[in-house]
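Undergrad: Position 15 (the sequence shown) corresponds to 16 in the numbering used here; numbering is contiguous. All residues carry an ideal CB built from backbone N, CA and C; glycine is no exception. Being a predicted model, the structure only gives us computed values, none of them experimental.
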Amino acid sequence: MLNRNFWDPFREMIRLSEAMDRLFEESFVRPTSWMLGRGGETGYWVPIDIVETDNDYIVKASLPGFKPEDIQVNITGETLTISGNYKAEEPKDARYVLRERCLGSFSRTITLPVPVEADKAVAHFEHGELTLTLPKVEEVRTKQIKISVGEQPQLSSTAESAQPQA
Numbered sequence: 002m003l004n005r006n007f008w009d010p011f012r013e014m015i016r017l018s019e020a021m022d023r024l025f026e027e028s029f030v031r032p033t034s035w036m037l038g039r040g041g042e043t044g045y046w047v048p049i050d051i052v053e054t055d056n057d058y059i060v061k062a063s064l065p066g067f068k069p070e071d072i073q074v075n076i077t078g079e080t081l082t083i084s085g086n087y088k089a090e091e092p093k094d095a096r097y098v099l100r101e102r103c104l105g106s107f108s109r110t111i112t113l114p115v116p117v118e119a120d121k122a123v124a125h126f127e128h129g130e131l132t133l134t135l136p137k138v139e140e141v142r143t144k145q146i147k148i149s150v151g152e153q154p155q156l157s158s159t160a161e162s163a164q165p166q167a
């Protein structure tokens, strides 16, 4: 099947808006994040991949060291938010010589190109990777239409009555 991806200026504007949000957050909200890694002192930057199929979006988020009960997923229309809190056991009678792992809370909000059916979404967590399967809303799914060859099929009686009379 031939799949053409046409340039969508609105999709590009959404991506630009998300990039500007990240830039603003990293520059002003958590200005020390450039020294400590993307998550900063009190947060964790979640790398996310999104794959589109005809019927679904497959979202993969890397969350090493997290427990499933410390992660929340919320979907509203085409907005997906993954958030959570990372807690590590503090060593007793010891002090850190080097500490690079981020602790604390995180939140990532992504705008999907189309709304998804939140009630039918499936989440799976294994080996530090969260996988979400988000079914597209039925009216925006790709539908293949079979092309008939030969005589044109007869119109139904309701379709014939809708035709203008000459």
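Less than 9 Å separating the beta-carbons of I76 and V47?
TA: Going by C-beta atoms, I76 is not nearer than 9 Å to V47.
Undergrad: Would DSSP call S63 helix, strand or coil?
TA: Strand, per DSSP.
Undergrad: Between the C-alpha atoms of G66 and G129, what's the straight-line distance to the nearest angstrom?
TA: If I take the Cα positions, the gap works out to 6 Å.
Undergrad: So, using beta-carbon positions, are S63 and N86 closer together than 9 Å?
TA: Going by C-beta atoms, S63 is not nearer than 9 Å to N86.
Undergrad: Just curious, the alpha helix (DSSP H) that I148 is in, first and last residue?
TA: I148 -> no alpha helix (DSSP H), and no H or E assigned at all.
Undergrad: According to DSSP, simplified to helix, strand and coil, what is A170?
TA: No answer is possible for residue 170: the residues shown for the chain start at 2 and end at 167.
Undergrad: Check for me: the beta strand (DSSP E) holding P136 runs from which residue to which?
TA: First-last of the beta strand (DSSP E) with P136: 130-136.
Undergrad: I think R12 touches P114, with their Cβ atoms under 8 Å apart; what is that distance to the nearest whole Å?
TA: So it is a contact: roughly 6 Å between Cβ atoms.
Undergrad: For my contact list, K61 and I72 are in at a C-beta cut-off of 8 Å; report their separation, rounded to the angstrom.
TA: About 13 Å separates the two Cβ atoms, so there is no contact after all.
Undergrad: If I follow the unbroken alpha helix (DSSP H) through E53, where does it start and stop?
TA: From DSSP, E53 is part of no alpha helix (DSSP H) but of the beta strand (DSSP E) over 49-53.
Undergrad: Taking DSSP's pairing of strands, which residues face Q73 in a bridge?
TA: Beta-bridge pairing links Q73 to S84.
Undergrad: State the CB to CB distance for the pair N56 and K137, rounded to an integer number of angstroms; the pair is presumed to be in contact (CB under 8 Å).
TA: With a Cβ gap of about 6 Å, N56 and K137 count as contacting.
Undergrad: If you reduce the DSSP assignment to three classes, tell me which class R109 lands in.
TA: Three-state result, R109: strand.
Undergrad: Do F126 and P69 count as a contact pair if the criterion is CB distance below 9 Å?
TA: In contact: P69 and F126 (Cβ atoms closer than 9 Å).
Undergrad: DSSP has D57 in a bridge; who is on the other side?
TA: D57 pairs with P136.
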